[in-house]
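Chemist:
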Amino acid sequence: MGLALEKDAEECYSVDMNDAVRHGMCVSVLASELARELGCDEEFIHKVAVAGMLHDVGKLQVSPYIYGRRQGAMKIEEMRYVRLHAKLGAEILKREGYDQDIVDMVHYHHENYDGSGYPYRMRGEEIPLGARLIRVCDVFSALVSDRPYRKAFDADTAFGMVIDEVRHFDMRAFLAFQRLINTTDIMSRVNQVLHGDIPGLDEK
């Protein structure tokens, strides 16, 4: 994946826990609606929604490198440590008794369709469908969000950046995501999640 997109996806939400929660909510909304766009059943849609919300839970164990950081982009060695979060997240959810499908979606959400992802460099249909859906949504959510070192990209610009990296995504999921962004009001929901008032967040 291109350096800029990978940095955005990995650093996503280095500022504070409120941003992490908003990101999880955004990915949950996008991934569940993407699953619905693909005609998946309600049980699967529910699992994707849960996995989308919790996909970065492993970052709680690498929080000294993430939450509260305001000094700019991560160093390479920090990014390598942060890359453990997918495996750590799966371990947390398995320990807490989550459905194995949800555990797998979290475990493999940084795998790329062309085999260039992590932690196992899986490719194609080896990657669970839910993880493939979350992969697209995770990257897009990071791009349309404010970051410590840049403002959010608008939806059109963000989607153009995703197109540039399309080889990393499941084409069926990508085309469904394109329909979702271009033919529904999903961005109004995304903007509400990322920028609107949410009870319990941003309270001092």
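Everything in the sequence shown is counted per the working numbering, starting at 896 for the first residue and increasing by one.
Where is the CB? At the ideal position from N, CA and C, for every residue including glycine.
1. Let me know if Tyr1044 comes out buried or exposed under the rule of 16 or more other beta-carbons within 10 Å of its beta-carbon.
2. Run through DSSP, which three-state label would Ile1093 get?
3. Compute the beta-carbon to beta-carbon distance between Val916 and Leu1096, rounded to the nearest angstrom, for a pair I have assumed lies under 8 Å.
4. Between the alpha carbons of Gly1091 and Val922, how many angstroms are there, rounded?
5. My output table needs one value for Val1088: the three-state DSSP class, helix, strand or coil.
6. Count the other C-beta atoms from every protein chain shown that fall within 10 angstroms of the C-beta of Ser1040, then say buried if there are 16 or more, exposed otherwise.
7. Rounded to whole angstroms, what is the Cα-Cα separation between Tyr1015 and Arg1027?
8. Are Ala985 and His1005 close, meaning C-beta to C-beta below 8 Å?
9. Distance check for Gln1087 and Leu1075, CA to CA, integer angstroms please.
10. Hey, how far is the Cα of Val1085 from the Cα of Leu925?
11. Candidates Ser958, Lys954, Val1061 and Cys1032: which alpha carbon is nearest Val943's?
12. Using only the alpha-carbon positions, how far apart do Ala1071 and Leu929 sit?
13. May I ask you to list the residues that DSSP assigns as paired with Arg1042?
14. Look at the alpha carbon of Arg978 and the alpha carbon of Gly934, and state the distance between them as a whole number of angstroms.
Modeler: Let me lay it out:
1. The residue you call residue 1044 lines up with position 149 of the sequence shown. Classification of Tyr1044: exposed, given that the 10 Å Cβ count is below 16.
2. Residue numbering aside, residue 1093 sits at position 198 when the sequence shown is read from its first letter. Look at Ile1093 here: in three-state DSSP terms it is coil, with no helix or strand label.
3. By one-based count along the sequence shown, residue 916 stands at place 21. By one-based count along the sequence shown, residue 1096 stands at place 201. Cβ-Cβ separation between Val916 and Leu1096: approximately 6 Å, consistent with a contact (criterion under 8 Å).
4. Residue mapping note: residue 1091 aligns to position 196 of the sequence shown, counting from 1. Residue mapping note: residue 922 aligns to position 27 of the sequence shown, counting from 1. Our two residues, Gly1091 and Val922, have alpha carbons roughly 16 Å apart in a direct line.
5. Reading the sequence shown from its first residue, position 193 is the one you call residue 1088. Helix at Val1088.
6. Against the sequence shown, residue 1040 aligns to sequence position 145. Buried, because 16 or more other Cβ atoms sit within 10 Å of the Cβ of Ser1040.
7. On the sequence shown, residue 1015 is found 120 positions in, with the first residue counted as 1. On the sequence shown, residue 1027 is found 132 positions in, with the first residue counted as 1. Rounded to whole angstroms, Tyr1015 to Arg1027 spans 14 Å at the Cα level.
8. What you label residue 985 is simply residue 90 of the sequence shown in a count that begins at 1. What you label residue 1005 is simply residue 110 of the sequence shown in a count that begins at 1. At the C-beta level, Ala985 and His1005 stay beyond 8 Å of one another.
9. The residue labelled residue 1075 in the question sits at position 180 within the sequence shown. The residue labelled residue 1087 in the question sits at position 192 within the sequence shown. So the alpha carbons of these two residues sit roughly 17 Å apart.
10. For the purposes of this step, residue 1085 is identified with residue 190 of the sequence shown, where counting begins at 1. For the purposes of this step, residue 925 is identified with residue 30 of the sequence shown, where counting begins at 1. Roughly 8 Å between the two C-alpha positions.
11. Walking along the sequence shown from the start, residue 943 turns up at place 48. For Val943, the closest C-alpha among the options Ser958, Lys954, Val1061 and Cys1032 is that of Cys1032.
12. As a position in the sequence shown, residue 1071 is number 176, starting the count at 1. As a position in the sequence shown, residue 929 is number 34, starting the count at 1. Whole-angstrom Cα-Cα distance: 7 Å.
13. Stepping through the sequence shown from its first residue, residue 1042 is reached at position 147. Residue pairing from DSSP places Arg1042 in a beta bridge opposite Arg1045.
14. Numbered from 1 along the sequence shown, position 83 holds the residue referred to as residue 978. Numbered from 1 along the sequence shown, position 39 holds the residue referred to as residue 934. In this structure, the straight-line span from the alpha carbon of Arg978 to that of Gly934 is close to 32 Å.
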